[in-house]
Amino acid sequence: FQSAAIISPSAPRRNRGARISHQDGQRSSKLLKDIFASSHPAAAHHKDELKGAIVPHEYMLSIYRTYSAAEKLGLNASFFRSSKFANTITSFVDRGTDDLLHSPIRRQKYLFDVSTLSDKEELVGAELRIFRRAPGDLQTSLQTTGLYYIQLYPCRSDRLLDSRSLDPLDATKAGWEVLDVWEMFKAHQHYYHHPHHHHFQKGNELCFQLKVTLGKSDTEVDLRHLGLGRSGRSQQEKAILVAYTRSKKRENLFSEMNEKIKSRRSIGEKEEAAAAAAAAKDAGEERVTHRGGKADGPRRRRR
Amino acid sequence: TAMSNRHGKRHGKKSKSRCSKKALHVNFKELGWDDWIIAPLDYEAYHCEGVCDFPLRSHLEPTNHAIIQTLMNSMDPNSTPPSCCVPTKLSPISILYIDSGNNVVYKQYEDMVVEQCGCR
């Protein structure tokens, strides 16, 4: 099963004016192109207001396109084995950074905050997707004939979670490594949401440790030589933890959306209050003598 | 004039259309939800509108109760209201959105699009 769209790696930005219509796939593919076109670096300079915007990974966009197209054919996303029969797929972005003081980088910690994952939904699958950049001029250092052996562990134990072998030839090309972390994620959810353990938890974080050896030997490779260095990555090149869940009961759209709107609005109001305070400070006395008129704009708009 | 009336059209009085599916275009952007819904920004939800009058057509898939209520209403409109024209079959849509933790989520929301209308 392949994703339905080959989407250019440039970082797509959600554009307020963008419209992805549900009605026909063709139009939406054009509209998606619009999104990516609008995210063209030359256009980015006037999108400052979107700085810090959440940028969907290509994988999530491709999931949305594929399943919404299937829906039009009357097929449920949860029918697809690739979605592990989930009806909700959540992507958590890696918050870890490389310890640049230690060079070379032999181990990496990947951190994910999964606190928004509801315990009412059954976790039916989870995978860690790590983007391997093309090593570029580091190629000379890839002088090896054997396979690389990518291994993933929990941060606090040496129990191997998943491993993959990587051919040196493949290592010269960019690509995504997908590692199965379902077992650990399930155990974590079970442990974290257990009523007796809740007050012991320091935060609902999942931590993975990655290392790569030369074949089955213990010789650990400098991860940057394989394009796994994390500095200077765009949002879309960061690793994501993808959780596939299935809700047992039918989602009540409005209560869920209400909750989202409330959380967004409280963030918005904080920002607006800060902006208004800054404006008030700048305007100084002048603002006091001006009764009504433009200077009161922000407050009137809030009212 | 009597002849032209035989087709059931009453002059001067707009006949209400029977229960059927009508267009309803939902625009999340206009609802102000586009700051957290990534896609779609709009979709066709449809809605059901029209009267459920006697006799009820089979495609409206009435329940037995709706048949009884419609019959009662047709005999004495003041005693019983007509049955209601509602969605009888709905389908889901996919939504890509940002959750309260700023994670991108794909979810399939059930019962978002009217496929069929009926009297209940």
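Chains as they are written, first to last, in our numbering: chain S, 1 to 303; chain D, 1001 to 1120.
The beta-carbon is built from N, C-alpha and C at its ideal position, and this holds for glycine as well.
Quick check: the segment 115-129 of chain S against the segment 176-186 of chain S, are there 3 or more CB pairs under 8 Å? yes
Using the C-alpha atoms, what's the distance from D/Thr1063 back to S/Arg13? Any reading at S/Arg13 must be qualified, since the residue scores a pLDDT of 42, below 50, and its modelled position is unreliable; the value itself is stated next. So the alpha carbons of these two residues sit roughly 49 Å apart.
Counting only beta-carbon separations shorter than 9 Å, does D/Lys1021 have a partner in chain S? no
So is D/Ile1068 buried or exposed if we call it buried at 16+ other beta carbons inside 10 Å? exposed
Anything in chain S within Cβ reach of D/Pro1087, meaning under 9 Å, just list it in chain order. Result: empty, since nearest Cβ-Cβ is about 14 Å, beyond 9 Å.
Can you give me, in chain order, the residues of the segment 56-78 of chain S that have a beta carbon less than 8 Å from any beta carbon in chain D? Pro56, His57, Met60, Leu61, Ile63, Tyr64, Tyr67, Ser68, Glu71, Gly74, Asn76, Ala77, Ser78
Specify, as a first and last residue, the run of the alpha helix (DSSP H) that S/Thr66 falls within. 58-72
Could you check where the alpha helix (DSSP H) with S/Tyr191 kicks off and where it finishes? 182-192
Taking C-beta pairs closer than 7 Å, name the residues in chain D that S/Ile130 reaches, listed in chain order. Near S/Ile130 there are no residues of chain D at all, since even the closest Cβ is about 17 Å away, more than 7 Å.
Can you list, in chain order, the residues of its chain whose CB lies under 6 Å from that of S/Leu210, leaving out five sequence neighbours each side? Gln108, Leu152
Looking at S/Arg95: is its Cβ nearer than 9 Å to the Cβ of S/Phe112? yes
Relative to the alpha-carbon of S/Ser163, which residue among S/Ile150, S/Gly74, S/Ser231, S/Asn252 has its alpha-carbon at the smallest distance? S/Ile150
Can a CB atom of chain S be found closer than 9 Å to the CB of D/Ile1093? yes
Would you say S/Met257 reaches chain D, if we count a Cβ-Cβ gap shorter than 9 Å as a contact? yes
Could you tell me the boundaries of the alpha helix (DSSP H) in which D/Asn1064 lies? 1064-1075
Can you check whether the C-beta of D/Val1114 is within less than 9 Å of a C-beta belonging to chain S? no
The segment 115-124 of chain S touching the segment 222-233 of chain S, judged by at least three CB pairs closer than 8 Å: no
CB contact check: D/Asn1073 to chain S, cutoff 9 Å: no
Should S/Val181 be flagged as near chain D, meaning a C-beta pair shorter than 9 Å? no
Exposed or buried, what is S/Leu160 when buried is set at 16 or more other beta-carbons lying within 10 Å of its beta-carbon? exposed
For S/His87, which residues in chain D fall below 7 Å Cβ to Cβ? Correcting the residue identity first, residue 87 of chain S is Asn in this sequence and not His. Within chain D, the residues near S/Asn87 are Lys1107, Gln1108.
Per DSSP, S/Gln151 is paired with what? S/Ser163, S/Lys211
Could you name the residues that DSSP lists as bridge partners for D/His1025? D/Glu1044
In this structure, does DSSP put S/Ala283 in helix, strand or coil? helix
Touching by the beta-carbon criterion (3+ pairs, under 8 Å), the segment 1051-1058 of chain D and the segment 1105-1112 of chain D: no
Using only the alpha-carbon positions, how far apart do S/Leu305 and S/Gly175 sit? Here chain S covers residues 1 to 303 and nothing more, so residue 305 of chain S does not appear.
Around the Cβ of S/His57, are there at least 16 other Cβ atoms within 10 angstroms (buried) or fewer (exposed)? buried
Does S/Ala37 come within less than 9 Å of chain D when only Cβ atoms are used? Because S/Ala37 sits at a pLDDT of 36, beneath the cut-off of 50, its placement in the model cannot be relied upon, and the following sentence gives the value as read from the coordinates. Cβ-Cβ to chain D under 9 Å: no for S/Ala37.
In or out: D/Met1075 buried (at least 16 other Cβ within 10 Å) or exposed? exposed
Identify the residues that DSSP records as bridge partners of D/Val1104: which are they? S/Ser91, D/Ile1098
Can you confirm whether D/Leu1024, when its beta carbon is compared against all beta carbons of chain S, has any partner nearer than 9 Å? no
Is it buried or exposed, S/Arg65, if we count other Cβ atoms within 10 angstroms and call 16 or more buried? buried
Using CA coordinates, which residue listed in D/Ile1037, D/Glu1044, D/Val1104 is at the minimum distance from D/Ser1091? D/Glu1044
Taking Cβ-Cβ distances shorter than 7 Å, what residues in chain D pair up with S/Ser165? Simply none; closest approach about 30 Å.
Any idea if S/Ala275 is buried or exposed, counting beta-carbon neighbours within 10 angstroms, 16 or more meaning buried? exposed
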